[in-house]
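For the sequence shown, our numbering gives the first residue as 150, with consecutive numbering after it.
Data block below; observations after.
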Amino acid sequence: ICFNKCPGNVISYKMDDNGHWLTVVIKITNAYIILTNVYGYNTTTQNKSLLQDITKVVSQYKKLYHTDLILFGGDFNLAPDDYLDRYPSKFNDIHYNPTLIEFCNTFSLIDIWRNKNPNLREYSWIKPNGAIRSRIDLWLMSPEMVNYVTEVAISIAPLTDHCALYLKLNPEVSANKRNVYWKLNTDLLKNQEYCNTIKDLMSEIRYDATIGNYCCRWEFFKFKVRQFSIRFGKERSKTLREQETKLIHDLDEYCKKTPMLDSDKAAFISLKSKLDVLSSRKARGAFIRSRAKWIEEGERNTAYFCSLEKRRQERNQIDTLMINDVECKDPKVIAEEVHKFYKDLYSSTSGGVSSLLDNMNHLIPTISPFFKDLCDAEIEMFELDAAVKQLSIGKSPGQDGLSSDFYKHFWVDIKDLFFFA
Numbered sequence: 150i151c152f153n154k155c156p157g158n159v160i161s162y163k164m165d166d167n168g169h170w171l172t173v174v175i176k177i178t179n180a181y182i183i184l185t186n187v188y189g190y191n192t193t194t195q196n197k198s199l200l201q202d203i204t205k206v207v208s209q210y211k212k213l214y215h216t217d218l219i220l221f222g223g224d225f226n227l228a229p230d231d232y233l234d235r236y237p238s239k240f241n242d243i244h245y246n247p248t249l250i251e252f253c254n255t256f257s258l259i260d261i262w263r264n265k266n267p268n269l270r271e272y273s274w275i276k277p278n279g280a281i282r283s284r285i286d287l288w289l290m291s292p293e294m295v296n297y298v299t300e301v302a303i304s305i306a307p308l309t310d311h312c313a314l315y316l317k318l319n320p321e322v323s324a325n326k327r328n329v330y331w332k333l334n335t336d337l338l339k340n341q342e343y344c345n346t347i348k349d350l351m352s353e354i355r356y357d358a359t360i361g362n363y364c365c366r367w368e369f370f371k372f373k374v375r376q377f378s379i380r381f382g383k384e385r386s387k388t389l390r391e392q393e394t395k396l397i398h399d400l401d402e403y404c405k406k407t408p409m410l411d412s413d414k415a416a417f418i419s420l421k422s423k424l425d426v427l428s429s430r431k432a433r434g435a436f437i438r439s440r441a442k443w444i445e446e447g448e449r450n451t452a453y454f455c456s457l458e459k460r461r462q463e464r465n466q467i468d469t470l471m472i473n474d475v476e477c478k479d480p481k482v483i484a485e486e487v488h489k490f491y492k493d494l495y496s497s498t499s500g501g502v503s504s505l506l507d508n509m510n511h512l513i514p515t516i517s518p519f520f521k522d523l524c525d526a527e528i529e530m531f532e533l534d535a536a537v538k539q540l541s542i543g544k545s546p547g548q549d550g551l552s553s554d555f556y557k558h559f560w561v562d563i564k565d566l567f568f569f570a
């Protein structure tokens, strides 16, 4: 439900069999936080039962972990005040929802957005034509958490008729960033400017003897490709982020208009469609990098794949290591220790290996002279051509981060230098 860059660890969790709530206990430093994601029903009776079930679970966790730090977030399908939080409203004055009020009173919960915006009318669900709106997506928290809030805001979201309700809490001191393996974003191969620059790089480096032999030129070419790809990718991402920010800002302005004119509705739908396209592209990239095995249409999984991508990276990292019986969390020291371990592991000092192999020679099958000559022969270009054609899409055949898609796309341009290297 979140945990993208989450600084804590999940200690325990419970969930609803029907997928309408999930409660987790997160430990951050020495504090326990009970976090619940809610997806409400469309009927009052079902929502009453739902909130009663959640109350039982959260109460148990509250006693077990001795904590008052409680946070609920999600689509409750209940508006706290049917006067302020619905448009058009059936009421002319404040009319609190009794089901939600009873639930909030149980844990002394505060509707943090309303707390920060006492009389503001903004809505988190908007019918596509803008005719009906309501604020049914909420962050509810215990009083002990209110002082940690630095920002809470409603903003348009892609691929859904619900808005995003942002909540920021005081961040912990972040750990030092660690170097991670780079992998080419193959979406860049669709950009003509990028492709032309890569071809120009190859033309410059291929015959430049000042760089060294063919092997040095090939390694230098890969270095320049990585350098340019990172820079180009960052600039491209910045442009896309700016486009997304502008779209969200424009959509937010339309959301605040009551009522919407027909021209406003048409513009809103057009802008929303553009935002959905940008978000889908982002989701595809995260999906590929996360190496997930499935993807569904309908309820879009943008957030899921982005968080899965982050979790996969985290699982591949060593955060803590015991060195000489002392716990170490310094990334640089851990990296040095891992390097030393594998260096020692693959540096054999045993003198009995040769004699062992001599004693086993008669047991090892030998190849024919013809096959020996075939294996010893120089690799020919047609063999490289065939090997590149057989590369699986989306794979990186080395540690340089250049994918099989890159080799296939530029093979005509890079094959000669690659062959001689």
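In this text, a Cβ means the ideal position worked out from N, Cα and C, and glycines have one as well.
Backbone CA spacing between residue i and residue j [nearest angstrom]
i    : j    : result
Q376 : F568 : 23 Å
G447 : V187 : Since pLDDT at G447 reaches only 43, below the 50 mark, its modelled position is unreliable, and the value read off the structure follows with that caveat. About 19 Å.
V174 : N167 : 20 Å
N340 : S504 : 58 Å
M530 : K557 : 15 Å
N278 : N319 : 37 Å
F225 : L333 : 41 Å
S273 : R235 : 10 Å
T469 : K492 : 20 Å
L579 : I472 : The structure shown does not extend to residue 579, since the chain spans only 150 to 570, so no value can be given for it.
E486 : K478 : 12 Å
R284 : D230 : 9 Å
L424 : F381 : 22 Å
L512 : K521 : 19 Å
I528 : A570 : 12 Å
C155 : D401 : 28 Å
D242 : K405 : 20 Å
T299 : K176 : 20 Å
N158 : D399 : 37 Å
E293 : D411 : 45 Å
S304 : Y403 : 11 Å
D202 : K421 : 36 Å
Y190 : D165 : 13 Å
F559 : D565 : 11 Å
G361 : H311 : 58 Å
A228 : V301 : 17 Å
E342 : R390 : 19 Å
Range of the contiguous beta strand (DSSP E) that encloses residue i
i    : result
N186 : 180-188
T172 : 170-177
Three-state class that DSSP yields for residue i in the structure shown
i    : result
S161 : strand
M409 : coil
C477 : strand
K239 : coil
W443 : Its pLDDT being 44, under 50, W443 is placed unreliably in this model, and the value from its coordinates should be taken loosely. Of the three classes helix, strand and coil, the one that applies to W443 here is coil, per DSSP.
L233 : coil
L218 : coil
D224 : strand
Span of the alpha helix (DSSP H), counted from its first residue to its last, around residue i
i    : result
L400 : 363-404
T469 : T469 -> no alpha helix (DSSP H), and no H or E assigned at all.
L249 : 247-256
The stretch 284-293 touching the stretch 219-239, judged by at least three CB pairs closer than 8 Å: Yes: the two stretches touch, three or more of their Cβ pairs being nearer than 8 Å.
Any 3 or more C-beta pairs closer than 8 Å across the stretch 174-191 and the stretch 257-264: Touching, no, given that fewer than three Cβ pairs across the two stretches are closer than 8 Å.
Completely contained beta strand (DSSP E) runs for the stretch 483-569, where each covers 3 or more residues: None, since the stretch 483-569 contains no complete beta strand (DSSP E) of that length.
Every unbroken alpha helix (DSSP H) within the stretch 261-340, with a cutoff of 4 residues, ordered by chain: Within the stretch 261-340, the complete alpha helix (DSSP H) runs of at least 4 residues are 261-265, 292-295.
Stretch-stretch touch, CB-based, cutoff 8 Å, three pairs: the stretch 197-213 with the stretch 262-280: Using a C-beta cut-off of 8 Å, the stretch 197-213 makes no contact with the stretch 262-280, since fewer than three inter-stretch Cβ pairs fall below that distance.
Inter-stretch contact at 8 Å, needing at least 3 Cβ pairs: the stretch 246-254 / the stretch 360-378: Contact between the stretch 246-254 and the stretch 360-378 is absent: fewer than three C-beta pairs spanning the two stretches fall below 8 Å.
Three CB pairs or more closer than 8 Å across the stretch 348-356 and the stretch 540-547: Touching, no, given that fewer than three Cβ pairs across the two stretches are closer than 8 Å.
Inter-stretch contact at 8 Å, needing at least 3 Cβ pairs: the stretch 361-371 / the stretch 402-421: No, the stretch 361-371 does not touch the stretch 402-421.
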